[in-house]
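Engineer:
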Amino acid sequence: MNTTPLRVLVAVTVLLGAAACGRGSSAGSPAAAPADRVLRLGFLSDPGQPPDPDIFYAGPGLILTQNTYEGLLRYKAGTPTPAIEGALATKWTASKDNKIFTFELREGVKFHDGTAFTAGAIKPSFDRRLAVNQGPAYMVAGVDSVKTEGDHKAVITLKQSNPLFLDYLASPYGPKMMSPAVLKEQAGSDHAQAYLSTHDAGTGAYTLTDARTSTHYALKAFDGYWGAKPYFTTVDFPVQTDLSAQQLMFGKGEMAAILNSLNSSATGAYLKDTSIKTYSLPTMQSIFLYINPEKGMLTTQSNRVALRQAIDADTIVKQVYSGRGTKATQGYPPHMLPEGQAVQNIPHDTTALAKVAQSLPADQKAITIGYDSSQADDQVTANLISAQLSATGLTVKVQGYPTSQIFGWVGDAKDAPELLIAGGWPDAAPPYTWAHISFDANGGLNYLHCSTDEITKLIKDGEKTGDAATFARIGELSVATGCWYNLANRDDFMVTQPWLRGIEEAHVVTTPTSLNLAALSADTRG
Amino acid sequence: MIQLVSKRLGAMAVIILVLTAVVFALQKASPFDPVHSMLGPSASREAVAQQRHALGLDQPLPSQYWHYLTALLHADLGMSYRTRHPITADLATFLPATAELALFALVLALVLGTALAVATTLRWRGAGVLRFVLVAGASTPAFLLAIGGILIFYQLLGWLPATGRTSFTDAPTGPTGLLTLDGLLAGRPEVTLDAMGHLVLPGLALAIGPAVSIGRVLRSSLVGNRRTDYVRTAMAKGLSEGSVLRKHVVRNSLGPALSMTGLQIGLMFAGVLVIENVFSWPGIGQYTSLSIPVGDFPAIAGVTLLLGAGFVAINTIVDILQAVADPRIDV
Chain A
1 MNTTPLRVLV
11 AVTVLLGAAA
21 CGRGSSAGSP
31 AAAPADRVLR
41 LGFLSDPGQP
51 PDPDIFYAGP
61 GLILTQNTYE
71 GLLRYKAGTP
81 TPAIEGALAT
91 KWTASKDNKI
101 FTFELREGVK
111 FHDGTAFTAG
121 AIKPSFDRRL
131 AVNQGPAYMV
141 AGVDSVKTEG
151 DHKAVITLKQ
161 SNPLFLDYLA
171 SPYGPKMMSP
181 AVLKEQAGSD
191 HAQAYLSTHD
201 AGTGAYTLTD
211 ARTSTHYALK
221 AFDGYWGAKP
231 YFTTVDFPVQ
241 TDLSAQQLMF
251 GKGEMAAILN
261 SLNSSATGAY
271 LKDTSIKTYS
281 LPTMQSIFLY
291 INPEKGMLTT
301 QSNRVALRQA
311 IDADTIVKQV
321 YSGRGTKATQ
331 GYPPHMLPEG
341 QAVQNIPHDT
351 TALAKVAQSL
361 PADQKAITIG
371 YDSSQADDQV
381 TANLISAQLS
391 ATGLTVKVQG
401 YPTSQIFGWV
411 GDAKDAPELL
421 IAGGWPDAAP
431 PYTWAHISFD
441 ANGGLNYLHC
451 STDEITKLIK
461 DGEKTGDAAT
471 FARIGELSVA
481 TGCWYNLANR
491 DDFMVTQPWL
501 RGIEEAHVVT
511 TPTSLNLAAL
521 SADTRG
Chain B
1 MIQLVSKRLG
11 AMAVIILVLT
21 AVVFALQKAS
31 PFDPVHSMLG
41 PSASREAVAQ
51 QRHALGLDQP
61 LPSQYWHYLT
71 ALLHADLGMS
81 YRTRHPITAD
91 LATFLPATAE
101 LALFALVLAL
111 VLGTALAVAT
121 TLRWRGAGVL
131 RFVLVAGAST
141 PAFLLAIGGI
151 LIFYQLLGWL
161 PATGRTSFTD
171 APTGPTGLLT
181 LDGLLAGRPE
191 VTLDAMGHLV
201 LPGLALAIGP
211 AVSIGRVLRS
221 SLVGNRRTDY
231 VRTAMAKGLS
241 EGSVLRKHVV
251 RNSLGPALSM
261 TGLQIGLMFA
271 GVLVIENVFS
281 WPGIGQYTSL
291 SIPVGDFPAI
301 AGVTLLLGAG
311 FVAINTIVDI
321 LQAVADPRID
331 V
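Chains A and B, in that order, are what the protein sequence lines are.
Numbers 1 to 526, taken from this note's numbering, label the letters of the first sequence in order.
Numbers 1 to 331, taken from this note's numbering, label the letters of the second sequence in order.
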């Protein structure tokens with residue numbers, strides 16, 4: 001008898017077993033806090049851009065830039081609405097015309113290279129942001145001069161008044177203070193871009209120790225940090241590309257938390273699981289339906305309004321955002337304007353659209369609902385809307401598009417679908433930061449080119465004054481166009497092991513998917 | 001031999017030229033806006049135009065194509081819009097992970113394919129089980145096999161890791177980029193063993209399909225050759241079955257199996273895209289799948305050229321091996 005094939009199978013089994021024994025074990029049991037004080041998190045997909053605050057302009061990677069760098073100001077953590085507080089500045093004043101800003105700076109702050117933070121770091125940091133000239137550069141484009149008065153006082157003068165400037169400084173994408181010594185030493189020919197894609201030059205509670213694209217990122221607590229010493233000495237971020245695998249690892253205790261990207265089915269399961277902790281934390285994220293005013297029957301405002309009324313937002317929120325979002329009631333993302341302003345009140349009624357659909361010739365009944373193909377929730381939302389609109393007599397198709405194709409419509413929307421589901425959040429808290437990118441004819445998020453002359457004029461006025469009433473009016477006008485439907489206000493839904501403490505206190509409403517890691521700790525009693 | 005290599009190098013140059021032309025045509029035809037995607041929603045139209053100019057994307061397409069080709073001659077594939085690194089540096093970073101996985105999967109496919117062919121040809125006990133397992137595996141989509149593997153060997157049994165290349169955060173990063181080898185070179189066998197553990201599931205998921213294809217071709221070739229006169233003569237001379245198989249049948253049966261192996265390697269690289277995503281394997285498959293949604297054309301073009309050149313090179317090697325196995329084949 002020849003038993004070779006069986007021997008092969010046995011050998012494979014032995015190999016599997018040996019490999020299992022050889023694994024560098026790092027996992028704890030789900031209920032136990034890590035004794036080594038290493039916080040194991042992870043990214044679902046790579047952050048996509050280098051962890052350089054003058055370049056990074058996206059979502060999940062904010063946790064790297066926010067914990068390694070600090071600006072003069074920041075938004076408070078642990079509050080449901082945005083409020084500015086000092087970071088590296090302890091006091092500040094603004095001139096009446098919002099043109100001259102004076103800052104008193106924190107003493108005893110060190111950069112991660114060991115050099116002291118002084119007022120002299122502000123100008124090189126601003127200059128570098130302008131030189132790199134990526135997405136967030138606009139925030140310092142209006143700076144005329146930075147003058148220092150000693151080491152711990154600075155006066156920033158703008159070219160023209162800007163009531164948003166303090167919010168720009170506090171924004172998660174705002175200018176951060178970088179070590180002038182590092183910027184000089186590592187300048188090379190690219191303003192230290194290559195160096196800062198794998199290192200940092202900030203003052204934050206953590207320093208970047210590993211940044212391998214698509215593989216692994218890591219932070220280490222900075223011994224010379226001016227604030228309270230972080231509990232976790234190291235934070236690991238292996239890059240995962242599959243949500244199911246990430247959930248399995250969390251289930252086995254190999255991850256301390258999943259901070260973002262959980263879809264509706266995963267959320268539902270975690271909300272029922274009492275062995276872990278779930279958090280639904282306030283953000284400024286909204287899920288919008290964009291209605292294309294240049295396509296077929298939607299060129300008419302009354303038809304756009306009729307279509308919007310035919311959508312049952314309550315059902316969508318219940319089925320997709322249950323436990324981690326609420327139905328939107330304003331034309332802006334949440335927390336930008338007080339309740340009762342820029343109100344969006346759209347009662348669900350299919351009658352008007354059914355009448356329109358009945359009167360349309362067969363070739364105009366077809367509409368396509370597009371969504372960002374990387375967003376699972378947007379796909380579910382699009383499917384639900386498809387079902388709702390189909391019931392009125394329209395022929396509806398759902399199609400996913402890559403992010404860069406959606407951005408392509410900003411310049412030319414002739415190939416854009418009739419409807420588009422897309423989420424987003426503003427750079428900072430003031431309503432201008434959303435209005436100018438969404439409602440302005442040239443806005444970077446105005447994918448389907450809808451605006452009016454009045455809206456454009458009011459945005460320009462509002463930029464100068466920052467007047468909330470102006471932006472409330474802009475919101476009302478945008479709702480009236482029928483081009484937008486703010487479907488849901490989305491929270492940051494996070495799941496953690498039961499021993500992880502301080503999540504609410506570490507979360508900032510303006511900074512989605514991120515946490516102030518220095519505010520986290522572990523309950524070691526279990 | 002020299003003539004073959006020269007011919008194939010010429011073919012490689014033509015293929016690369018055609019591939020670059022196709023990628024450029026696709027880039028022009030596609031509705032993507034990688035620059036806006038790169039700069040973000042708040043970027044002004046001026047900033048987008050400025051960046052487009054800096055990247056040379058406002059030039060006419062023939063001019064862009066010419067610049068790309070001249071840079072290519074200097075091994076400059078451009079800069080990734082996503083990672084902001086030179087494409088050559090990115091490929092050097094991600095290729096070793098894919099190469100290690102593909103090599104491991106190839107070895108597995110050859111071992112399993114040969115075992116299947118020999119066991120079924122000689123009707124060994126257990127051959128039916130092996131054939132059933134492999135054919136069932138090959139009939140299952142690779143992603144399902146991958147997820148099933150994770151559920152069984154990671155979730156249920158806890159034998160193997162679910163994702164990534166290593167469990168060590170301080171694993172050596174050089175000199176070869178192949179962790180199994182670098183672990184040994186660094187005097188850390190535990191890293192090598194751990195890396196092998198990480199290779200098993202993605203390697204199997206990639207290898208089973210090719211193993212069955214190679215095994216089937218090898219088996220039919222073996223069966224055919226066993227019925228030939230020279231085998232009958234050798235057996236009549238009193239040589240043992242194993243000896244005849246080793247010395248005569250296997251060598252003469254390798255040609256078709258090698259051809260199939262060459263084809264399967266090409267298909268394996270296509271499968272890598274899915275498998276690397278399921279297992280969070282930081283290779284060029286994952287690099288490509290992250291580059292496509294943001295319209296990172298330099299990255300997509302770089303990977304396309306690399307795979308095209310790789311495919312020609314592999315088939316050249318297969319042709320040479322066929323000639324070595326069977327001197328009657330004129331290369």
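Positions of the beta carbon are idealized from the N, C-alpha and C atoms, including for glycine.
A quick note: this is a predicted structure, and the numbers were derived from the prediction, not measured.
1) Which first and last residues belong to the alpha helix (DSSP H) in which N486 (chain A) is found?
2) Where does the unbroken beta strand (DSSP E) through Q240 (chain A) begin, and where does it stop?
3) Please name the residues in the segment 37 to 56 of chain A whose beta-carbon is closer than 8 Å to at least one beta-carbon of chain B, in chain order.
4) With a threshold of 9 Å between beta carbons, is Y138 (chain A) in contact with chain B?
5) Tell me, to the nearest whole angstrom, how far the beta carbon of P512 (chain A) is from that of G59 (chain A); I am working on the premise that it is less than 8 Å.
6) Going by CA-CA distance only, name the one from A:D151, A:T278, A:V343, A:G462 that's closest to E504 (chain A).
7) Using beta carbons (cut-off 9 Å, strictly below), is P282 (chain B) in contact with chain A?
8) Which two residues bound the contiguous beta strand (DSSP E) that contains D372 (chain A)?
9) Of all Cβ atoms in chain B, is any one closer than 9 Å to the Cβ of K327 (chain A)?
10) In this structure, does DSSP put P175 (chain A) in helix, strand or coil?
11) Comparing the C-beta of R490 (chain A) with each C-beta of chain B, is any distance below 9 Å?
12) Between K545 (chain A) and chain B, is any beta-carbon pair separated by less than 9 Å?
13) Where does the unbroken alpha helix (DSSP H) through K28 (chain B) begin, and where does it stop?
14) Mark I287 (chain A) as exposed unless 16 or more other C-beta atoms lie within 10 angstroms of its C-beta, in which case mark it buried.
15) One question on the structure: do P430 (chain A) and G466 (chain A) come within less than 9 Å of each other, judged by their Cβ atoms?
16) Suppose you measure from the CA of G203 (chain B) to the CA of G158 (chain B); what does that come to, to the nearest Å?
17) Quick check: L201 (chain B) and Y230 (chain B), are their CB atoms within less than 9 Å of each other?
18) Have a look at T93 (chain B) and A313 (chain A) and give me their C-alpha separation to the nearest angstrom.
19) According to DSSP, is T326 (chain A) helix, strand or coil?
20) Listed in chain order, which residues of the segment 374 to 406 of chain A have Cβ atoms closer than 7 Å to some Cβ of chain B?
21) Report yes or no: do three or more beta-carbon pairs, one from the segment 96 to 112 of chain A and one from the segment 189 to 197 of chain A, lie closer than 8 Å?
22) Interface residues of chain A around V231 (chain B) at Cβ under 9 Å?
23) Under 8 Å, with one C-beta from each stretch per pair, do the segment 273 to 282 of chain B and the segment 228 to 247 of chain B reach the 3-pair mark?
24) Can you name, in chain order, every residue of its own chain whose Cβ lies under 6 Å from the Cβ of R335 (chain B), other than the five neighbours on each side?
25) Can you find a CB in chain A that lies within less than 9 Å of the CB of V5 (chain B)?
26) Identify which residue in A:V38, A:P34, A:L44, A:Y485 has its Cα closest to the Cα of L259 (chain A).
27) To the nearest whole angstrom, what separates the beta carbons of L273 (chain B) and G285 (chain B), a pair I think is in contact under 8 Å?
28) Roughly how many angstroms separate the alpha carbons of A102 (chain B) and D210 (chain A), rounded to a whole number?
29) Cα separation between S213 (chain B) and R490 (chain A)?
30) Do A119 (chain A) and H152 (chain A) count as a contact pair if the criterion is CB distance below 9 Å?
31) For H436 (chain A), collect the residues of the same chain with a Cβ closer than 8 Å to its Cβ; drop the 5 residues on either side in sequence, then sort them by chain order.
32) Give me the DSSP bridge partner(s) of W92 (chain A).
33) So, does the CB of M297 (chain A) fall closer than 9 Å to a CB anywhere in chain B?
34) For my contact list, R501 (chain A) and A522 (chain A) are in at a C-beta cut-off of 8 Å; report their separation, rounded to the angstrom.
35) Using a beta-carbon distance below 9 Å, is L183 (chain A) in contact with chain B?
36) Our contact map puts M284 (chain A) next to H348 (chain A) with C-beta atoms below 8 Å; I'd like the distance itself, whole angstroms only.
Structural biologist: Reading off the structure:
1) By 1-based counting over the first sequence, the position of residue 486 (chain A) is 486. Where N486 (chain A) is concerned, there is no enclosing alpha helix (DSSP H), although the beta strand (DSSP E) it sits in stretches over 484 to 496.
2) Residue numbering aside, residue 240 (chain A) sits at position 240 when the first sequence is read from its first letter. For Q240 (chain A), the enclosing beta strand (DSSP E) has its first and last residue at 234 to 240.
3) Per Cβ criterion, the list reads S45, D46, G48, Q49, P50, I55.
4) The residue given as residue 138 (chain A) occupies position 138 in the first sequence. At least one chain B Cβ lies under 9 Å of Y138 (chain A).
5) Reading the first sequence from its first residue, position 512 is the one you call residue 512 (chain A). Reading the first sequence from its first residue, position 59 is the one you call residue 59 (chain A). About 6 Å; that satisfies the 8 Å criterion.
6) Position 504 of the first sequence, counting from 1, holds the residue named residue 504 (chain A). Minimum Cα distance to E504 (chain A) is reached at A:T278.
7) Numbered from 1 along the second sequence, position 282 holds the residue referred to as residue 282 (chain B). Yes, contact with chain A.
8) The residue you call residue 372 (chain A) lines up with position 372 of the first sequence. Looking at the DSSP string, the run of the beta strand (DSSP E) that includes D372 (chain A) is 366 to 372.
9) Within the first sequence, residue 327 (chain A) is the residue found at index 327, counting from 1. Taking Cβ atoms only, chain B never reaches closer than 9 Å to K327 (chain A), which makes this a no.
10) In the first sequence, residue 175 (chain A) corresponds to position 175, counting from 1. For P175 (chain A), the secondary structure class from DSSP, reduced to helix, strand or coil, is coil.
11) Along the first sequence, read from residue 1 onward, the residue named residue 490 (chain A) stands at position 490. No, its Cβ sits nowhere closer than 9 Å to a Cβ of chain B.
12) Coverage of chain A is limited to positions 1 through 526, which leaves residue 545 (chain A) absent and any answer about it impossible.
13) Position 28 of the second sequence, counted from the first residue, corresponds to residue 28 (chain B). From DSSP, the alpha helix (DSSP H) with K28 (chain B) extends over 2 to 29.
14) Reading the first sequence from its first residue, position 287 is the one you call residue 287 (chain A). Buried: at least 16 other Cβ atoms inside 10 Å.
15) Locating residue 430 (chain A) in the first sequence gives position 430, where the first residue counts as 1. Locating residue 466 (chain A) in the first sequence gives position 466, where the first residue counts as 1. Going by C-beta atoms, P430 (chain A) is nearer than 9 Å to G466 (chain A).
16) Counting from 1 along the second sequence, the entry for residue 203 (chain B) is found at position 203. Counting from 1 along the second sequence, the entry for residue 158 (chain B) is found at position 158. CA-CA distance, G203 (chain B) to G158 (chain B), rounds to 18 Å.
17) Taking the second sequence and counting its residues from 1, one reaches residue 201 (chain B) at position 201. Taking the second sequence and counting its residues from 1, one reaches residue 230 (chain B) at position 230. It is not a contact, given that the beta carbons lie outside the stated cut-off.
18) As a working note, residue 93 (chain B) is residue 93 in the second sequence. As a working note, residue 313 (chain A) is residue 313 in the first sequence. Spanning the two alpha carbons is a distance of roughly 46 Å.
19) For the purposes of this step, residue 326 (chain A) is taken as the residue at position 326 of the first sequence. In the three-state reduction of the DSSP assignment, T326 (chain A) falls in the strand class.
20) Residues S374, P402, T403, S404, Q405.
21) They do not touch, by the three-pair rule.
22) Counted from its first residue, the second sequence places residue 231 (chain B) at position 231. Chain A residues near V231 (chain B): none, gap ~19 Å exceeds 9 Å.
23) No, because fewer than three Cβ pairs between the segment 273 to 282 of chain B and the segment 228 to 247 of chain B fall closer than 8 Å, the two stretches do not touch.
24) Since the first and last residues shown for chain B are 1 and 331, residue 335 (chain B) lies out of range.
25) Position 5 of the second sequence, counted from the first residue, corresponds to residue 5 (chain B). Any Cβ of chain A closer than 9 Å to the Cβ of V5 (chain B) would place that residue at the interface, and such an atom is absent.
26) The residue labelled residue 259 (chain A) in the question sits at position 259 within the first sequence. Looking at the Cα atoms, A:L44 is the closest of the given residues.
27) Position 273 of the second sequence, counted from the start, is the residue given in the question as residue 273 (chain B). Position 285 of the second sequence, counted from the start, is the residue given in the question as residue 285 (chain B). Approximately 4 Å separates the beta-carbon atoms of L273 (chain B) and G285 (chain B); this is inside 8 Å, confirming the contact.
28) Working through the second sequence from its first residue, we reach residue 102 (chain B) at position 102. Working through the first sequence from its first residue, we reach residue 210 (chain A) at position 210. When rounded, the distance between both Cα atoms is 26 Å.
29) Locating residue 213 (chain B) in the second sequence gives position 213, counting from the first residue. Locating residue 490 (chain A) in the first sequence gives position 490, counting from the first residue. C-alpha separation (whole angstroms): 49 Å.
30) For the purposes of this step, residue 152 (chain A) is taken as residue 152 along the first sequence, with counting starting at 1. For the purposes of this step, residue 119 (chain A) is taken as residue 119 along the first sequence, with counting starting at 1. Yes, they are a contact pair.
31) Mapped onto the first sequence, residue 436 (chain A) falls at position 436. Cβ-Cβ distances below 8 Å link H436 (chain A) to G443, I459, E463 in the same chain, with the five nearest sequence neighbours on each side left out; the list follows chain order.
32) The residue you call residue 92 (chain A) lines up with position 92 of the first sequence. Partner(s): A:F103.
33) Locating residue 297 (chain A) in the first sequence gives position 297, counting from the first residue. Not one chain B Cβ lies under 9 Å of M297 (chain A).
34) Residue 501 (chain A) sits at position 501 when you count from the first residue of the first sequence. Residue 522 (chain A) sits at position 522 when you count from the first residue of the first sequence. At roughly 6 Å, the Cβ-Cβ gap stays under 8 Å, so R501 (chain A) and A522 (chain A) are in contact.
35) Walking along the first sequence from the start, residue 183 (chain A) turns up at place 183. False, the Cβ-Cβ gap to chain B never drops below 9 Å.
36) Against the first sequence, residue 284 (chain A) aligns to sequence position 284. Against the first sequence, residue 348 (chain A) aligns to sequence position 348. Between H348 (chain A) and M284 (chain A) the Cβ distance is about 25 Å, and since that is not below 8 Å, they are no contact.
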